[in-house]
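2 protein chains.
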Amino acid sequence: MGIAERKQRHKEEVRASILEAAWQLVVQEGWQALSIRKIAEAIEYSVPVIYDHFANKEAILLELTKQGFRKLNDGLIKAKEGAGSPEQQIEAMAYAYWKFAFENKAYYQVMYGLGIPSCETVNQISELSTFSELILEPIKELIAAGKSPKTDPFLKLHTFWSMLHGLISINMMGNEDKEELNQLVLQDFIKSFVSGMKA
Amino acid sequence: MGIAERKQRHKEEVRASILEAAWQLVVQEGWQALSIRKIAEAIEYSVPVIYDHFANKEAILLELTKQGFRKLNDGLIKAKEGAGSPEQQIEAMAYAYWKFAFENKAYYQVMYGLGIPSCETVNQISELSTFSELILEPIKELIAAGKSPKTDPFLKLHTFWSMLHGLISINMMGNEDKEELNQLVLQDFIKSFVSGMKA
DNA sequence: ATAGTTTTGCTAACAGTGTTAGGTAAAATA
DNA sequence: TATTTTACCTAACACTGTTAGCAAAACTAT
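Chains E and G, in that order, give the protein sequences.
If you're matching positions, the first sequence starts at 1 in UniProt numbering and goes up one per residue.
If you're matching positions, the second sequence starts at 1 in UniProt numbering and goes up one per residue.
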């Protein structure tokens, strides 16, 4: 009965090739230029085949965002593991986040930014991000060791993430001449964020 | 020779009606649903007439973003004028910025967010924002009055804006149940931002 | 091996998009 | 009144996402 399994395997291959082709197109031409027909041409199948694997174009984008979040999370986990103190952990993760965004601009733009995914889609996604859990721990440690142990860690988490996201998204839309400045801003922010919890 | 002027006036009326119809559609159905044909129908003209007034769809969006920036700047100026000390000015402008974003979600999404305008377009836009000039002054005052007068005001400006933008854009994509939290984050941030410059 | 059934993949279409070429009728000018 | 300019529209082109319906291939059962 290896037939069914071979078919299954083939089906998954096609599905994977759709995602791969889609990703290639997004990287090469930007997500705006992504089209079902181009994907079909790339995988050497006709258009309707794609709809046997994905309900619609948005589902493909959603899958790519999931890939992006997985990759981001991997990077964050590694950064955290490689760091020692809570401060260093936070700093390392901030840099990892920053690095991911700029080494994978296409991913980041699909993950946030573009208005394409509907609201429900975004909510599904945000659950995927383990960023919260990863960074909440060192934040709590820092607060506990500081002089204001009543500080709300969720508040700080939210501040941290917002700042990081804002810095990245502002940097992504155009101003490529100010990268050094933003490096400084990132450093400045991390420093003041950390010291703000100690005090 | 009032004929030419009457014609001119009429042309401007049509142009204005295009922008108004476009704006209506963006507000009602979101910017994704905006189409040239819908605009044409709304203004009761045929499609090509629109191209007598705008080079392409993007030019219409660009004009809307300009309107948005004008409105935002007006709000910021008023907020600044109504405030006293540098701290209060910064706080008032942050709230004005926040308020604008959520009372004019469509504007804010066209101004930032959506990947539609090309990079050149965005660069044209960012010059329009007088946010920098407005907020730089109280930042400088605050730094001068503080204990670290060597602090780079541009750095602080950048930090401030990034944070604000990040907070808003994260809040805009979905999580409408956490508005109170984000209000707190905004307060928390402003506080730590201001005190960070005094120290 | 043959008949029937499921799966697989295609062509072609629908409805929508931005954009433009080309023509007509009205208006202004001579 | 004749001519030129302007205003405007119809129709098309080249795309987009999506789907209905059909032909051929592959598998199953007799």
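Note that beta-carbon positions come from the ideal geometry of N, C-alpha and C, so glycine has one too.
Here the structure is a predicted model, which is why all the values come from computation and not from measurement.
Neighbours of Gly146/E across chain G, judged by C-beta separation under 8 Å, do not exist; the nearest C-beta is about 13 Å away. For Met173/G, the secondary structure class from DSSP, reduced to helix, strand or coil, is coil. Contact of Ser35/E with chain G is not assigned, every C-beta pair being separated by 8 Å or more. Counting along the chain, the unbroken alpha helix (DSSP H) around Thr65/G starts and ends at 57-81.
Taking all protein chains in view, the Cβ of Ala79/G is crowded by 16 or more other Cβ atoms within 10 Å, so the residue is classified as buried. Counting along the chain, Tyr45/G sits inside no alpha helix (DSSP H), nor does DSSP assign it H or E at all.
Contact between Leu61/E and Val110/E holds: their C-beta atoms lie close to 6 Å from each other, under 8 Å. At a Cβ-Cβ threshold of 8 Å, Glu91/E and Ile190/E count as neighbours. For Ser169/E, the neighbours in chain G by C-beta distance under 9 Å run, in chain order, Tyr112, Gly113, Ser162, His165, Gly166, Ser169. Assignment of Thr159/E by DSSP, reduced to helix, strand and coil, places it in the helix class. In its chain, beyond the 5 residues on either side, Val47, Ile50, Lys57 have a beta carbon closer than 7 Å to the beta carbon of Ile36/E. Look at Phe102/G: its C-beta is not under 8 Å from any C-beta on chain E. Just so you know, the alpha carbons of Phe154/G and Leu136/G end up roughly 7 Å apart. From the listed residues Leu64/G, Ser17/G, Ala199/G, the smallest Cα separation to Glu44/G is found for Ser17/G.
Close to Asp188/G, with beta-carbon spacing below 7 Å, are these residues of chain E in chain order: Leu155, Thr159.
Trp23/G: member of the alpha helix (DSSP H) spanning 2-29, first to last residue. If you draw a 10 Å sphere on the C-beta of Glu87/G, you find 16 or more other C-beta atoms in it, and that means buried.
Straight across, the Cα-Cα distance linking Tyr97/E with Gly30/E is about 21 Å. Less than 8 Å divides the Cβ of Lys198/E from the Cβ of Gly146/E. When the five nearest sequence neighbours on each side are left out, the beta carbons in the same chain lying within less than 6 Å of the beta carbon of Thr151/G are those of Ile143, in order along the chain. Sixteen is the threshold: since fewer than 16 other Cβ atoms of the shown chains lie within 10 Å of the Cβ of His10/E, the residue is exposed. Assignment of Pro149/G by DSSP, reduced to helix, strand and coil, places it in the coil class. Secondary structure at Leu136/G: helix, using DSSP grouped into helix, strand and coil.
Under a criterion of Cβ atoms nearer than 8 Å, no residue of chain G is adjacent to Leu19/E; the nearest Cβ is some 20 Å distant. Looking at the backbone, the Cα of Ala101/G and that of Tyr107/G are separated by about 8 Å. Neighbours of Leu184/E across chain G, judged by C-beta separation under 7 Å: Leu155. Shortest Cα-Cα distance from Phe160/E to any of Gln183/E, Leu184/E, Ala94/E, Asn171/E involves Ala94/E. Trp23/E is positioned such that its CB atom lies closer than 8 Å to that of Leu64/E. Taking 8 Å as the threshold, the shortest C-beta distance from Ser192/G to chain E falls below it. In terms of Cα proximity to Glu179/G, the closest of Gln28/G, Gln67/G, Lys99/G is Lys99/G.
Between Tyr112/G and the set Ser85/G, Glu13/G, Lys66/G, Leu25/G, the nearest pair of CA atoms involves Lys66/G. At a C-beta separation below 8 Å, Leu181/G has these neighbours in chain E: Phe154, Leu155, His158. Sequence-distant partners of Phe131/E (beyond 5 residues in either direction) whose C-beta falls short of 7 Å from its own C-beta, in its chain, are Leu76, Trp161.
Around Ala40/G, the same chain offers Ser46, Val47, Val49, Ile50 as residues with beta carbons nearer than 8 Å, after the five sequence neighbours per side are excluded.
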